[in-house]
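*Asks:* Chains as they are written, first to last, in the working numbering: chain X, 23 to 539; chain E, 2 to 355; chain S, 277 to 582. Sending over a structure as structure tokens; questions will come in a sec.
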Amino acid sequence: MENQAVLQMNHIMKIYGNGVVANEDVSLELRKGEIHALLGENGAGKSTLMKVLFGIESPDQGELILNGAPVTIKSPQDAISKGIGMVHQHFMLVPSLSVAENIILGVAPRRGIFIDMDKAVESAQNIAKEYNFDINVKDKVEEIPVGIKQKVEILKALYRGAEILILDEPTAVLTPQETDELFIQLMKLREKGHTIIFISHKLDEIKKICDRATIMRSGRSMGTYEVADITTQEMSKLMVGREVSLTFEKNDQQLTEQVLLKVRNLTVNNSQGVLKVDDLSFDIKGGEILGIAGVEGNGQTELIDALTGLNKKYKGIIEIKGKDIAHSSISDIRSMNLSHIPEDRMTSGCAKNLSIQENLFSNQYKKHRYSGKLMLKRKAIEKRSDELIQEFLIKCRSRKQNVGMLSGGNIQKVIVAREFSTCPDIIIANQPTRGIDVGAAAFIRQRLLEFRDAGCAVILVSADLTEIFSLSDRLAVMYKGKFAGFFNDAAHVTEDELGQHMLGIKRDEVLEGVLYE
Amino acid sequence: MNNAKRFNALRTVLSVLIALAISFVIIFMVSEQPVEAIKYLLVGPLTSKRNMGNVIESMIPLIFTGTGVCIMFSANQINLSGEGAFHVGGLIASCVAINMSARVVSPIAALFCAGIVGAVFTAIPAVMKITTTADEMVSSLMINYLALYFGNYMLNNVIGDPKASAASYKLTEASKLPVLFDGTRVHFGIIIAIAVAILGYIFLYRTKIGYELRLTGENEEFAKYSGISIVKVILISQLLGGFVAGLGGGVEMLSPIYARFTWTSLLGYGWDAIIICTLSKKNPLYTPFAALFLAYLRTGASIMARRTDVTLEIVQITQGIIILLVVAEQFLSRYKHKLIAKEAKAALKEEEAA
Amino acid sequence: MWKAILSPDFFGTILRSATPILFATLAASIAAKSGITNMALEGIMLFSALFGVIFSSFTHSAGLGLLLTVIVGGLIGAILAFFVLNLKTDEILAAIAINLTATGGTVLLLLAYSGDRGVSSSVRSVSAPNITIPLIEKIPFIGQILSGQNVLTWLSLLAVLVMHLFLYKTPLGLSIRSVGENKDAAESVGINSRKVQYIALIISGALAAMGGFYLSGGYMNMFTKDMSGGRGFIALAASSMGGNTPVGGFFVSLLFGLAQALANVMQLTAVMPYEIILMVPYLTTLIGLGVYYYSQKKKKERLSGK
């Protein structure tokens with residue numbers, strides 16, 4: 023039984039409707055009762071492979087063998103009936119329904135033509151008890167914390183008889199305690215004979231609980247390894263492809279006199295009224311990169327939205343070059359030479375059905391160079407587009423190609439080209455290299471350093487710690503809307519120390535050097 | 002990209018052909034003389050100068066409302082009150098044209114007023130959206146009925162000629178648009194219409210505000226992030242779209258077709274505009290071609306209706322089917338995916354070779 | 277005038293004019309709950325108004341006529357679903373296409389069936405009967421309001437109850453609500469969202485068909501061109517003002533009935549020109565939409581703290 027393959031995916035290829043090749047040639051083999059890591063950078067094709075397995079996407083090539091027999095999985099329903107369950111990165115719950123209703127959704131017990139609500143609650147409670155999940159099944163999903171939501175997701179899969187359980191980056195949204203708790207649950211599931219696919223790019227977690235690991239890089243599988251037999255360095259090398267020198271040549275710092283961005287007692291609630299940024303103050307001068315680290319969801323997004331004018335409903339003071347921006351529009355703020363690389367390139371960074379050219383000028387078409395009083399100056403725009411495409415090494419057929427047809431890395435380059443070509447004084451870069459290939463990432467990081475040397479103030483929010491470490495001059499850690507730690511010299515912080523601040527284990531009460539006063 | 006474009010063109014043509022085929026089947030089912038009917042429908046418009054004139058003449062209102070809708074839809078404002086704007090445009094133009102008889106000045110004044118009132122009507126949903134977040138689509142549908150009954154009220158109580166039934170006083174001759182070709186009713190409006198289509202194109206694709214509009218239409222979050230004022234875009238797109246539709250109503254009213262204001266029901270040009278907009282892929286420059294196609298179909302249908310037992314309304318069915326197929330993204334999608342996958346694979350090979 | 281307003285007749289008028297809107301509103305609600313804006317209601321009602329006349333004259337029975345009409349309504353709902361769900365057509369454009377087809381198709385069909393142009397004057401259709409229920413009739417005032425209402429009015433009231441139970445107490449209702457609220461979530465547990473939305477749109481079409489049947493076989497007793505008069509559009513507004521719930525939609529529909537009844541009274545007492553009276557339902561909708569969304573906006577602003 024030990025080495026029996028429950029599932030084989032052989033030479034899977036998937037091309038999306040926009041021409042993006044997400045899986046070029048991927049193979050994966052699962053043994054019964056193992057926790058199998060699927061490891062790879064963002065954009066390596068992990069999620070696509072799992073969507074193929076779960077019947078959300080159909081592969082263009084390749085075969086699936088489940089318990090020795092070839093199968094095609096046409097829909098999630100099909101996958102579920104074959105004993106495959108998936109816990110998605112973004113929870114698949116219906117907020118207005120109760121936990122029990124979510125669990126029994128689609129397989130509700132009946133009394134006559136109606137739902138037997140009593141029985142539903144009872145069976146939901148039973149399955150929670152069976153797997154030792156401490157959950158009140160009558161709570162409404164919109165009112166429970168993230169960690170519990172994830173448990174509900176796992177229960178949902180188990181309730182439907184999942185033997186193979188896919189967990190897509192399950193720890194990304196969890197606190198350390200919640201992560202530990204999850205790991206205990208997963209090990210218990212393994213004991214009960216469930217097979218688990220654990221998708222992650224966190225090597226330490228994989229070391230901790232996985233038996234074997236399949237590593238993916240840019241749409242291909244790079245092999246499967248016993249986790250005990252491979253070091254984290256080796257894994258990271260396979261994942262990234264080559265040993266990237268992450269230590270950039272950093273020139274000596276030349277700080278400007280002027281504080282370019284001043285934030286005092288900034289407090290922001292999100293649209294549900296939850297406090298996300300809590301009385302935050304800091305300064306930044308030209309010629310430095312302020313790195314902001316932290317587990318996602320600790321107020322980074324809300325902070326950036328307030329700084330860039332996307333959200334005007336904040337309390338406190340934000341000053342750009344000495345001017346209070348409380349009543350400035352986004353356009354006003356941008357004309358103060360502020361550039362912004364947004365967190366999610368597809369929702370707010372570009373218009374995928376417009377051409378590269380049209381995407382390159384959204385922040386500067388009003389400039390005299392590119393337009394008169396009424397009309398756009400087409401020649402100048404076309405010329406500049408071609409220049410930018412060359413300068414930023416954007417791989418495309420022409421400036422007229424729609425942005426949606428490009429790969430993630432090239433889309434990001436279009437955004438960066440646009441934001442960097444305005445000669446900014448302040449750059450706010452939110453996850454600037456997320457999910458893009460290594461070459462493009464290195465290119466963007468190098469550019470950020472050049473801007474710093476030229477006297478620009480850079481705020482870098484990133485979940486990628488190596489990026490944070492190698493670029494930042496000063497370093498802040500956000501935890502629950504506050505800076506839990508602040509380091510005036512990023513070079514002297516250890517990863518361990520940073521981690522403790524990120525997880526809120528260590529919280530500095532007095533932060534030195536946050537303000538230039 | 003090339004393949005994708007070719008595919009879109011192919012799909013549009015196929016949609017039209019299928020729609021026609023279905024219409025033929027219906028004609029065979031309802032008519033005693035189907036072959037005759039189809040013949041009139043297809044070649045009727047070419048049979049006389051007068052009929053060809055009819056095609057051109059019925060293109061005119063379609064180009065106006067089509068361009069208006071292109072402008073609104075480009076900003077992703079699904080405002081469906083072009084219909085109402087056209088109606089009040091015609092109403093106001095006739096009010097002016099009844100009372101003014103100065104050469105040149107009179108039609109210009111009438112058309113200008115028509116445009117303005119059209120803009121006011123389509124701007125109501127826009128203003129409501131800005132102030133209350135009410136969905137513009139539903140509120141714009143109500144505007145059409147308000148426009149209709151407002152027109153009826155004016156006709157019955159203000160401009161109605163007591164000597165005529167359900168008609169206004171006569172429009173002054175000086176207000177009418179001149180006929181361009183003798184023996185037809187093709188009038189000066191066609192020149193204005195084509196100018197409007199070209200201006201509409203320039204506005205959307207060559208001006209700053211047009212760029213803002215399209216950016217907002219494609220991705221509002223991105224536009225906001227880029228510093229574009231969404232409120233401004235919502236307002237301008239709908240004011241302008243309504244102006245053009247209202248202008249169209251005015252032009253139609255001042256054409257040789259009408260001597261008095263007689264519209265007691267909505268004419269449907271606002272809805273036709275949506276077909277025009279769909280066929281021309283939201284680009285005003287293509288609206289004259291789409292309008293030509295629709296106008297040809299209608300002229301053919303009306304010849305058919307006069308000569309045979311098939312009614313004019315068959316065209317509405319044909320139009321309905323065309324929209325359905327043209328906008329059905331998945332229609333022929335397997336073929337499209339094959340094309341794109343082929344291209345992607347070729348690109349992969351290229352990369353590997355490099 | 278006040279005397280007219282306080283009479284049972286007046287309340288009866290409210291119910292009578294609310295009936296088609298109520299059917300359409302329920303139709304809009306179930307579609308909206310499943311995540312689709314069904315703007316084709318207008319066309320479906322128009323088609324059904326015609327089919328009601330044709331089928332009832334053909335079968336000499338209002339009941340059979342209604343049944344067949346409802347089937348056709350469901351069928352049109354399924355066609356809409358096919359285009360929106362299978363062919364990924366924009367739901368608004370698909371609806372516009374159906375509405376256009378209805379405008380032309382009804383005239384064409386009527387002509388082909390009876391030779392009538394625009395008005396079904398030569399078709400001997402059978403209208404749905406008015407009914408009185410002996411016990412209820414005896415209740416003072418309320419009895420007078422309800423007594424003698426059309427069977428379809430009764431049916432519309434029943435439909436509110438049935439739809440409420442269906443949406444909130446049955447497994448399929450739960451599926452519909454989940455698909456509408458979070459389609460991915462529903463699909464992730466194996467609910468076939470396409471099937472669920474098909475069902476919702478078919479039910480939506482069937483409900484709209486009852487409303488359409490009532491127009492030509494209850495409210496009036498013949499078909500006239502374009503007789504749906506934007507009721508399908510009003511229903512979209514009414515449904516969203518009622519939070520897309522059957523009970524909410526019921527109260528909003530009553531409001532429309534009230535506006536219409538008031539307009540009728542005013543027309544009788546001749547305080548306003550006829551055309552303005554005709555504007556009442558549309559004006560009510562416009563103002564209602566404004567007020568509703570404004571209050572929603574304020575509510576949201578209060579939540580986010582500023």
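Backbone N, C-alpha and C define an ideal beta-carbon position, used for all residues, glycine too. Bear in mind that the values here come from a model prediction, so they are computed numbers and not experimental data.
1) Between Gln572 of chain S and Ala59 of chain X, what straight-line distance do the alpha-carbon atoms span, to the nearest angstrom?
2) Who pairs with Ala91 of chain X in a beta bridge, going by DSSP?
3) Please classify His336 of chain S: does DSSP put it in a helix, a strand, or coil?
4) DSSP has Asp3 of chain X in a bridge; who is on the other side?
5) Taking 8 Å as the threshold (C-beta atoms), are Gly566 of chain S and Thr133 of chain E in contact?
6) How would you write the range of the beta strand (DSSP E) that Asn291 of chain X sits in, first residue to last?
7) Take Tyr336 of chain X and list the residues in its own chain whose beta-carbon comes closer than 8 Å to its own, dropping the five residues that flank it on each side.
8) I need the DSSP call for Gly321 of chain E, collapsed to helix, strand or coil.
9) Which of helix, strand or coil does DSSP assign to His523 of chain X?
10) Pull up the CB-CB distance for Val346 of chain S and Ala482 of chain S, whole angstroms please, since I reckon it's below 8 Å.
11) So, Gly190 of chain E versus Ser140 of chain E, is the Cβ gap smaller than 8 Å?
12) How would you label Gln255 of chain X, buried or exposed, when you count the other beta carbons within 10 angstroms and need 16 or more for buried?
13) In whole angstroms, what separates the C-alpha of Leu326 of chain E from that of Ala291 of chain E?
14) Under three-state DSSP, which class holds Met254 of chain E?
15) Can you name the start and end residues of the beta strand (DSSP E) that Gly107 of chain X belongs to?
16) Using only the alpha-carbon positions, how far apart do Gly424 of chain S and Met439 of chain S sit?
17) According to the neighbour-count rule (16 or more other Cβ atoms, all chains shown, within 10 Å of its Cβ), is Glu534 of chain X buried or exposed?
18) What does DSSP give as the partner residues of Leu541 of chain X in its beta bridges?
19) Rounded to whole angstroms, what is the Cα-Cα separation between Ser267 of chain X and Thr236 of chain X?
20) If the cut is a Cβ gap below 7 Å, which residues of chain E does Ser387 of chain X touch?
21) Of all the CB atoms in chain E, is at least one closer than 8 Å to the CB of Ile458 of chain X?
22) Which full runs of the beta strand (DSSP E) of 3+ residues lie inside the segment 340 to 426 of chain X, going along the chain?
23) With Glu37 of chain E as the anchor, note down where its alpha helix (DSSP H) starts and where it stops.
24) List the DSSP bridge partners of Met14 of chain X.
25) Taking the alpha helix (DSSP H) that Gln78 of chain E belongs to, which residues open and close that run?
26) What residues are listed by DSSP as bridge partners for Gln83 of chain X?
27) Looking at the strands, I want to know which residues DSSP matches up with Thr236 of chain X.
28) Determine the closest residue to Asp183 of chain E out of E:Met53, E:Leu142 and E:Pro285, with distance taken between C-alpha atoms.
29) With a threshold of 8 Å, are at least 3 pairs of Cβ atoms found where one atom belongs to the segment 364 to 377 of chain S and the other to the segment 313 to 328 of chain S?
30) Using a beta-carbon distance cut-off of less than 8 Å, what residues from the segment 41 to 55 of chain E approach chain X?
31) Under 8 Å between C-beta atoms, does Leu562 of chain S make it to chain E?
32) I want to verify the contact list: residues of chain X whose CB lies under 8 Å from the CB of Ser230 of chain E, in sequence order.
33) According to DSSP, is Asn375 of chain S helix, strand or coil?
34) Is Glu271 of chain X buried or exposed, if buried means 16 or more other CB atoms sit within 10 Å of its CB?
35) If I follow the unbroken beta strand (DSSP E) through Val106 of chain E, where does it start and stop?
36) Cβ closer than 7 Å: which chain X residues qualify as neighbours of Ser227 of chain E?
*Replies:* Taking the definition as stated:
1) So the alpha carbons of these two residues sit roughly 46 Å apart.
2) Answer is X:Leu88.
3) Coil at His336 of chain S, not helix or strand.
4) The displayed coordinates of chain X run from 23 to 539. Any statement about residue 3 of chain X would go beyond what the structure contains.
5) In contact: Thr133 of chain E and Gly566 of chain S (Cβ atoms closer than 8 Å).
6) Start and end: Val281 to Asn291.
7) These residues qualify, in order along the chain: Leu288, Thr289, Val290, Val299 and Ala328.
8) Residue state for Gly321 of chain E is assigned as helix, using DSSP reduced to three classes.
9) His523 of chain X falls in the helix class under three-state DSSP.
10) Between the beta-carbon of Val346 of chain S and that of Ala482 of chain S there is about 5 Å, and that keeps the pair under the 8 Å contact cut.
11) Their beta carbons are not under 8 Å apart, which means Gly190 of chain E does not touch Ser140 of chain E by this criterion.
12) A residue is called buried once 16 or more other Cβ atoms fall within 10 Å of its Cβ, and Gln255 of chain X, having fewer, is exposed.
13) Approximately 15 Å between the Cα atoms of the pair.
14) The answer is helix: DSSP assigns Met254 of chain E an H, G or I state.
15) Run containing Gly107 of chain X: Ile106 to Val109, per the beta strand (DSSP E) assignment.
16) Met439 of chain S has its alpha-carbon roughly 24 Å from the corresponding atom of Gly424 of chain S.
17) Counting Cβ neighbours within 10 Å, Glu534 of chain X comes out exposed, since fewer than 16 surround it.
18) Any question about residue 541 of chain X goes unanswered here, given that chain X covers just 23 to 539.
19) Caution is warranted here: a pLDDT of 48 is assigned to Ser267 of chain X, below 50, making its placement in the model unreliable, and the coordinate value is therefore given only provisionally. The alpha-carbon atoms of Ser267 of chain X and Thr236 of chain X are separated by roughly 24 Å.
20) For the record, residue 387 of chain X in the displayed sequence is Tyr; it is not Ser. The answer, in chain order, is Lys209 and Tyr212.
21) No, its Cβ sits nowhere closer than 8 Å to a Cβ of chain E.
22) If one requires a minimum length of 3 residues, the beta strand (DSSP E) runs lying completely within the segment 340 to 426 of chain X are 360 to 363, in chain order.
23) First-last of the alpha helix (DSSP H) with Glu37 of chain E: Pro35 to Val44.
24) Look at the range of chain X in this structure, 23 to 539, and you will see that residue 14 of chain X is not part of it.
25) Unbroken run through Gln78 of chain E: none, as it is neither H nor E.
26) Partner(s): X:Met35.
27) DSSP, once it has assigned bridges, lists X:Leu60 and X:Thr246 as partnering Thr236 of chain X.
28) When each option's Cα is compared against that of Asp183 of chain E, the closest is E:Met53.
29) With the cut-off at 8 Å, the segment 364 to 377 of chain S and the segment 313 to 328 of chain S touch.
30) Under the 8 Å Cβ criterion, the segment 41 to 55 of chain E contributes no residue.
31) So, interface residue.
32) Residues of chain X whose Cβ lies closer than 8 Å to the Cβ of Ser230 of chain E are, in chain order, Ser351 and Ser353.
33) DSSP places Asn375 of chain S in helix when its eight states are reduced to three.
34) Exposed: under 16 other Cβ atoms inside 10 Å.
35) Counting along the chain, Val106 of chain E falls outside any beta strand (DSSP E), though it belongs to the alpha helix (DSSP H) covering Val106 to Thr133.
36) By Cβ distance, chain X contributes Ser384 and Asn385.
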